[in-house]
Amino acid sequence: MNLCYNHITTRRGAVIMYDKLVPGTVMPYTDVAGGMFSVFRPMITATDGLTLGQVSALTGLEYSTVQNWVKRGFVAHPVQKKYYERQLARILLIAALRDCLKIEQIAALLSAVNGDVEDAGDDIISESRLYDYLCEAVRLLDVDRLSADKVDAAVAQVTADYVGPDATAKERLSTALRVMVLAFMAGCLAREATLRLAALQNT
Numbered sequence: 165m166n167l168c169y170n171h172i173t174t175r176r177g178a179v180i181m182y183d184k185l186v187p188g189t190v191m192p193y194t195d196v197a198g199g200m201f202s203v204f205r206p207m208i209t210a211t212d213g214l215t216l217g218q219v220s221a222l223t224g225l226e227y228s229t230v231q232n233w234v235k236r237g238f239v240a241h242p243v244q245k246k247y248y249e250r251q252l253a254r255i256l257l258i259a260a261l262r263d264c265l266k267i268e269q270i271a272a273l274l275s276a277v278n279g280d281v282e283d284a285g286d287d288i289i290s291e292s293r294l295y296d297y298l299c300e301a302v303r304l305l306d307v308d309r310l311s312a313d314k315v316d317a318a319v320a321q322v323t324a325d326y327v328g329p330d331a332t333a334k335e336r337l338s339t340a341l342r343v344m345v346l347a348f349m350a351g352c353l354a355r356e357a358t359l360r361l362a363a364l365q366n367t
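Right under this line is the structure:
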């Protein structure tokens, strides 16, 4: 089991059952070339940014949840009510990690990599590329045989092409990405435990 969402509850309360979902979304996983975020770029381009409704449909998040993240400074403000690559990537990262980490912890983790959410100038990596790295590292891992060494190896593999703006950037990125991968996988296991507990209680 790799990209390991077994189910997700949409904002309207419907439960969707999939073996694999793309992290942070309600989309079934398929192999793509060029990084997972390349799936979303044509959507953003076609409509010159995504509306809140489109973001909600893509992620399964409530409108109010996304708006609250923006209001609290966890996601950059939309431009004329449209969400572009940077905002969508940040939303997907938060959505992928929130089953295990508190929103404040996720914000601190992302800030450790890219600083001020509203200022792309202090980023050591684009948010979309960071999301691609997370998706690829998770894809390489098998949650049934997860180990710290395997996480380290997966992170090293997906970041092999990364060249940072300074001497410390790659280590910061790698450390943050290890946390993200472990948190995502922990969330997968927590959801599986919840499903099995519910099944037990219903027998």
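Adding 164 to a residue's 1-based position in the sequence shown gives its number in this note's numbering.
Backbone N, C-alpha and C fix where the C-beta goes; we use that ideal spot for every residue, glycine too.
The Cβ-Cβ distance between I288 and G328 falls below 9 Å. Per DSSP, the beta bridge partners of V243 are K246. The distance from the Cβ of L274 to that of L257 is about 7 Å, consistent with a contact at the 8 Å cut-off. For Y295, the uninterrupted alpha helix (DSSP H) run begins and ends at E291 to L304, by DSSP. Note: L214 is bridge-paired with Y247 in the DSSP secondary-structure output. In the DSSP annotation of this structure, C264 is not part of any alpha helix (DSSP H), being labelled neither H nor E. From the listed residues G199, A197 and F204, the smallest Cα separation to V190 is found for F204. DSSP links L359 through a beta bridge to no other residue.
If you check the CB distance, A347 and L261 come in under 9 Å.
Considering only A271, G351 and C299, the residue with the shortest C-alpha distance to V196 is C299. F201 and A350 have their C-alpha atoms spaced approximately 22 Å apart. The beta carbons of G213 and V243 sit closer together than 9 Å. Pairing S290 with A253 gives a Cβ-Cβ distance under 9 Å. In this structure, R342 keeps its C-beta atom at 9 Å or more from the C-beta atom of A276. Around the Cβ of S292, a 10 Å sphere holds 16 or more other Cβ atoms; the residue is buried. Contact between D263 and A362 does not hold, since the beta-carbon distance rounds to 15 Å and is not under 8 Å. Classified as buried, D296 has 16 or more neighbouring CB atoms from the shown chains inside 10 Å of its CB.
In the same chain as D280, and ignoring 5 residues on each side of it, the C-beta atoms closer than 8 Å to its own belong to D286, in chain order. In the three-state reduction of the DSSP assignment, L273 falls in the helix class, which pools H, G and I. In the three-state reduction of the DSSP assignment, L310 falls in the coil class.
Taken through DSSP and simplified to helix, strand or coil, L185 comes out as strand.
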